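>
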Amino acid sequence: MSQDEQETPATETAEATEAPAKPVLRVVNSDATPEEIAALVAVFSALGSGGTEAPAAAPSAWSANHRRVRRSLPHGPGAWRSSGLPS
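This is the structure we're talking about:
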């Protein structure tokens, strides 16, 4: 095995993060003021942030765990009578 094949993934990711990132925006019109460029950067960064995520919907009561478990049947004499009656 060569040394390249023995590199760990952690080393590879560290090298990837050290590389400078390419600019996302490029100014084409050179007569824009720094304030205009700053305003554009602020707008695009706000659009790219995604905002807050919608809260997850609460699970339905129909899928609650207590609905899956049956009550235990009563034991003893006369149990058949109370098995069908509401508690």
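All letters in the sequence shown, in the order written, are residues 1 to 87 by full-length UniProt numbering. Backbone N, C-alpha and C define an ideal beta-carbon position, used for all residues, glycine too. Just so you know, these numbers come straight off a predicted model, no measurement behind them.
Can you list, in chain order, the residues of its chain with a C-beta nearer than 6 Å to that of P55? Leave out the 5 residues immediately preceding and following it.
Reading the sequence shown from its first residue, position 55 is the one you call residue 55. For P55, where only same-chain residues beyond five positions count, there are no Cβ hits under 6 Å.
> So, P74 versus S82, is the Cβ gap smaller than 9 Å?
Taking the first residue of the sequence shown as 1, we reach residue 74 at position 74. Taking the first residue of the sequence shown as 1, we reach residue 82 at position 82. It is a contact, given that the beta carbons lie within the stated cut-off.
> Is DSSP giving S63 helix, strand or coil here?
By 1-based counting over the sequence shown, the position of residue 63 is 63. Collapsing the DSSP output to three states places S63 in a helix.
> Helix or strand or just coil, what does DSSP make of S45?
To locate residue 45, count along the sequence shown from 1; it is residue 45. Helix.
> Are the beta-carbon atoms of R67 and A61 separated by less than 9 Å?
Position 67 of the sequence shown holds residue 67. Position 61 of the sequence shown holds residue 61. Contact flag set, yes.
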